[in-house]
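Per my numbering, the very first residue in the sequence shown carries number 89; after that it's consecutive.
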Amino acid sequence: MEQMASEGNTQGLMSSTGPTRSSQGSREGPSDSVTIGVADEHIGAVVGRGGRNIMEISQVSGARIKISDRGDFMSGTSDRKVTITGAREAIRTAEAMIMQKVSANAERDPIEM
89 MEQMASEGNT QGLMSSTGPT RSSQGSREGP SDSVTIGVAD EHIGAVVGRG GRNIMEISQV
149 SGARIKISDR GDFMSGTSDR KVTITGAREA IRTAEAMIMQ KVSANAERDP IEM
């Protein structure tokens, strides 16, 4: 089941190789789509209890956010796919908000290597 969310981009916190990002969609249309990778262990912080964080990000940014199902990762990584759709500014805002959630979660619960 996919979850809707809005997310921001935090450099280097997505995976050991940094965030993965791909863009697709019509440049001529009013909306664009960007897919970023978020480490599986940080998805809970992005979604929030009962989906609160993801709903807030979506409402504040105006972007539509989808998170891939468990086990559906960006190619070659253990990062979940987070697809953000909307106007470019909405995507930028959502990406920044998502990355802030990831950063806060990483600081709260550092990963041991």
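The beta carbon of each residue, even a glycine, is placed where N, CA and C say it ideally should be.
Compare the C-alpha of residue i against each of the options and name the closest.
i: E195; options: P118, I145, H130; result: H130
i: M187; options: P118, S119, G132; result: G132
i: G139; options: D197, A127, I153; result: I153
Return the CA-CA distance between residue i and residue j, expressed in angstroms with no decimal places.
i: S121; j: I172; result: 6 Å
i: V190; j: M143; result: 16 Å
i: R176; j: S149; result: 10 Å
i: A151; j: I179; result: 6 Å
i: F161; j: R137; result: 22 Å
i: S119; j: V134; result: 22 Å
Decide if residue i is buried, meaning its Cβ has at least 16 other Cβ atoms within 10 Å, or exposed.
i: S146; result: buried
i: V170; result: buried
i: D167; result: buried
i: S156; result: buried
i: A127; result: buried
i: G159; result: exposed
Give the DSSP-derived three-state secondary structure of residue i in the structure shown.
i: T165; result: coil
i: A151; result: coil
i: N193; result: helix
i: A127; result: strand
i: S146; result: helix
i: G136; result: coil
Going by the CB atoms, is the gap between residue j and residue i shorter than 8 Å?
i: T181; j: G125; result: no
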